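Undergrad:
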Amino acid sequence: MKKKSIVAVVAALAVSGTAYGSGYRIPEQSVDSVAKAGANVAYTTGADASYYNSANMSWLEDRGYLEGNLEWIHLKSIAYNDNRTSQFNGESEKEDFVLPTFFAVSPDYHNFRVGLSLTYPGGLSKQWPQPYP
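Everything in the sequence shown is counted per the numbering used here, starting at 3 for the first residue and increasing by one.
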């Protein structure tokens, strides 16, 4: 029983290392994903299958697919007022990002397809010019 508990704890620790926070993740990487609010992972019907679900490329029609778009992200300024001391008060900068994405799926070549995707799935951050944000 003790050995099973140790194995369970080690397995839980190993799995928890892959649980990442999604606070600054950008799940909407394609036109379909924006329209479906990021809920198109299980069933993608276009070139974005190369990014979201590459196994789904086998179900696409026998033709090539291309998709590209520009996504504009506007992050407004945020003011922070600390309850302890005004030294920690601060305000973030207003920021704008343009993220290009590109998806391609080749035609079927004897039950084989090639998919290519260029995305920016994360990395948003806020800029705080004050010394103590």
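Glycine included, every Cβ here is placed at the ideal spot set by N, Cα and C.
Note that the coordinates shown come from a computational prediction; the quantities given were computed from them, not determined experimentally.
Looking at C-alpha atoms only, which residue of GLY92, SER108, TYR122 is the closest neighbour of PRO131?
TA: Checking every option, the nearest Cα to that of PRO131 belongs to GLY92.
Undergrad: Keeping to the same chain, check which residues put their C-beta closer than 6 Å to that of ASP84; ignore five residues upstream and five downstream.
TA: Counting only Cβ-Cβ distances below 6 Å, and skipping sequence neighbours, we find PHE90, ASN91.
Undergrad: Please report the distance separating the alpha-carbon of TYR67 from that of LYS6.
TA: Their backbone Cα atoms lie some 49 Å apart in a straight line.
Undergrad: Taking the beta strand (DSSP E) that VAL107 belongs to, which residues open and close that run?
TA: First-last of the beta strand (DSSP E) with VAL107: 97-107.
Undergrad: On the DSSP letters alone, give me the boundaries of the alpha helix (DSSP H) that SER119 sits inside.
TA: That residue, SER119, is in no alpha helix (DSSP H); its beta strand (DSSP E) goes 117-120.
Undergrad: Taking the alpha-carbon of THR103 as reference, which of PRO109, ALA13, ILE28 has the nearest alpha-carbon?
TA: Nearest of PRO109, ALA13, ILE28 to THR103, Cα basis: ILE28.
Undergrad: Less than 8 Å between the C-beta atoms of LEU118 and GLU73, yes or no?
TA: Taking 8 Å as the Cβ cut-off, LEU118 and GLU73 do not qualify as a contacting pair.
Undergrad: Applying the 10 Å Cβ sphere with the 16-neighbour rule, what's the burial state of SER35?
TA: Buried, by the Cβ-count rule.
Undergrad: Could you give the distance in angstroms between the alpha-carbon of ASN55 and the alpha-carbon of LEU126?
TA: Distance between the alpha carbons of ASN55 and LEU126: 24 Å.
Undergrad: On the DSSP bridge list, what partners appear for ALA81?
TA: Paired residue(s): GLU93.
Undergrad: Can you tell me which of the three DSSP states TRP74 falls into?
TA: The answer is strand: DSSP assigns TRP74 an E or B state.
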